[in-house]
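Start counting the sequence shown at 1; every next residue gets the next number (the UniProt record's numbering). Presented below is the structure to which this report refers.
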Amino acid sequence: MAILLGKRKRVEPKVENAKKPKPKQAPEPADDAEDLKAIFARAFEAKFKPLDGAKKSEARAQAPEPAVEEEKDEEEDDWEGISEEEDAPKVEVVEHTGPVHRERADKSELKAFMSSKPPSSAAPATNKPTKAGGDNGEEGEGEAMNLKNDLALQRLLKESHLLDANDILSGPTGKSRHKATDMRLQALGSKKSILHQEKMPMSHRKGIVAKAAAKESKRRQEAKENGIILEKPTMKKVEHKKRERGVGGPDVGRFSGGTLRLSKADIASISGPSRGSCGKRGRR
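Here it is, written out as structure tokens:
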């Protein structure tokens with residue numbers, strides 16, 4: 001059988017024409033109790049110290065609940081997007097400082113510091129002189145220049161006899177330059193001259209020495225006549241060397257031509273001092 005489906009009829013609720021008035025609710029006794037409790041608490045606090053628990057409870061009651069949504073809205077309002085100042089490169093300041101030079105201590109001070117002994121009061125305190133300013137530096141340079149000029153003047157006076165009229169500006173040349181170098185070496189403490197030849201014939205050596213002496217005497221005579229003051233002549237000591245005797249020769253006298261020749265000094269050295277005329281016989 002076929003089932004017929006149809007629409008149901010809506011059932012409307014019955015509405016009462018006259019609404020009944022609701023009864024008024026009586027005030028709750030809990031509110032009155034809280035007010036009384038607050039009045040008693042104020043009276044107690046007026047006479048005595050306030051209670052910590054009451055303070056905490058009042059602070060909690062007065063503190064409003066945090067509004068999370070309002071803070072989010074404020075943050076969204078404050079954000080204004082990316083600014084150009086944030087994108088700009090930051091300027092970094094770099095300071096360069098020069099190296100600090102510290103004075104190194106002396107070996108004696110370092111040794112005294114590293115030793116276990118305490119420093120003695122009698123030890124002299126050695127203070128290094130501090131570096132002076134620009135004025136003292138200029139004075140030191142001036143003194144060094146004056147000293148250099150003094151040395152050059154002394155050298156010029158010593159080597160003036162080697163210079164010719166044409167060599168005053170250019171300096172000594174040739175043999176004069178070798179002689180000037182020899183004089184400088186001797187002034188520094190050289191014992192032998194670089195111009196001295198050790199091995200040469202005696203006749204040549206005597207001629208060279210005589211010529212040098214004559215030249216020196218002529219130079220001094222001309223300087224004396226012209227009123228020029230020269231350096232003092234250096235006197236050389238003449239050393240008398242003892243003659244070396246051959247092996248197997250006599251210790252006394254001189255042997256030549258197959259004969260031994262004795263001098264009076266040799267005879268006196270052999271016989272000893274002579275006795276006087278007065279002796280035992282003279283005392284009688």
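In this text, a Cβ means the ideal position worked out from N, Cα and C, and glycines have one as well. Keep in mind that this is a model prediction, so the values were computed, not measured.
Pair within 8 Å by beta-carbon distance, leucine 163 and proline 172: The residue you call residue 163 lines up with position 163 of the sequence shown. The residue you call residue 172 lines up with position 172 of the sequence shown. Yes, they are a contact pair.
Glutamate 159 beta carbon less than 8 Å from that of alanine 180: Working through the sequence shown from its first residue, we reach residue 180 at position 180. Working through the sequence shown from its first residue, we reach residue 159 at position 159. Yes, Cβ-Cβ distance for alanine 180 and glutamate 159 is below 8 Å.
Counterpart residues of residue 315 in DSSP-defined beta bridges: Absent from the model: residue 315. The displayed extent of the chain is 1 to 284, so no value can be given.
Lysine 237 to serine 217 span [Cα, whole Å]: Numbered from its first residue, the sequence shown carries residue 237 at position 237. Numbered from its first residue, the sequence shown carries residue 217 at position 217. Approximately 19 Å between the Cα atoms of the pair.
Start-to-end residues for the alpha helix (DSSP H) that takes in phenylalanine 113: The residue labelled residue 113 in the question sits at position 113 within the sequence shown. Per DSSP, phenylalanine 113 belongs to the alpha helix (DSSP H) from 107–114.
Residue span of the alpha helix (DSSP H) that contains glutamine 221, given as start and end: Stepping through the sequence shown from its first residue, residue 221 is reached at position 221. That run of the alpha helix (DSSP H) goes 202–226.
Distance CB(valine 252)-CB(aspartate 266) smaller than 8 Å: Along the sequence shown, one-based indexing puts residue 252 at 252. Along the sequence shown, one-based indexing puts residue 266 at 266. Yes; because the gap between Cβ atoms is below 8 Å, this pair is in contact.
Close beta carbons around serine 193, own chain, < 6 Å, minus the five adjacent residues each side: For the purposes of this step, residue 193 is taken as residue 193 along the sequence shown, with counting starting at 1. Here the set comprises Asp182.
Which of helix, strand or coil DSSP assigns to isoleucine 194: Here residue 194 refers to the residue found at position 194 of the sequence shown. Note: isoleucine 194 maps to coil in three-state DSSP.
Check whether leucine 260 and proline 250 have beta carbons under 8 Å apart: As a working note, residue 260 is residue 260 in the sequence shown. As a working note, residue 250 is residue 250 in the sequence shown. Against a cut-off of 8 Å, the Cβ pair of proline 250 and leucine 260 comes out as a contact.
Contact set for serine 269: own chain, Cβ-Cβ below 8 Å, skip 5 residues either direction: Within the sequence shown, numbered from 1, the residue matching residue 269 stands at position 269. Once the five neighbours on either side are set aside, the close Cβ partners of serine 269 are Val252.
Three-way DSSP call (helix, strand, coil) for phenylalanine 40 in this model: The residue labelled residue 40 in the question sits at position 40 within the sequence shown. Note: phenylalanine 40 maps to helix in three-state DSSP.
From Ala33, Gly137, Asn146 and Arg219, residue whose alpha carbon lies closest to that of histidine 161: Counting from 1 along the sequence shown, the entry for residue 161 is found at position 161. The candidate whose alpha carbon is nearest that of histidine 161 is Arg219.
C-alpha gap between serine 108 and glutamate 95, whole angstroms: By 1-based counting over the sequence shown, the position of residue 108 is 108. By 1-based counting over the sequence shown, the position of residue 95 is 95. Distance between the alpha carbons of serine 108 and glutamate 95 is about 39 Å.
Collapsed DSSP secondary structure at lysine 230 in the structure displayed: Residue mapping note: residue 230 aligns to position 230 of the sequence shown, counting from 1. The sequence given here has leucine at residue 230, not lysine. Three-state DSSP puts leucine 230 in coil, outside helix and strand.
Beta-carbon proximity check, leucine 195 vs histidine 178, cutoff 8 Å: Here residue 195 is taken as the residue at index 195 of the sequence shown, counted from 1. Here residue 178 is taken as the residue at index 178 of the sequence shown, counted from 1. Closer than 8 Å, so yes.
Bounding residues of the alpha helix (DSSP H) (the contiguous stretch that carries histidine 178): Reading the sequence shown from its first residue, position 178 is the one you call residue 178. First-last of the alpha helix (DSSP H) with histidine 178: 175–188.
Helix, strand or coil at glycine 137 according to DSSP, with G and I counted as helix: Looking up residue 137 in the sequence shown gives position 137. Here glycine 137 sits in helix by DSSP.
Between the CA atoms of aspartate 32 and valine 68 - distance to the nearest angstrom: As a working mapping, residue 68 is identified with position 68 in the sequence shown. As a working mapping, residue 32 is identified with position 32 in the sequence shown. Low local confidence applies: a pLDDT of 49 at valine 68 is under 50, so the model's placement there is unreliable, with the coordinate-based value given in what follows. Their Cα atoms are separated by approximately 35 Å.
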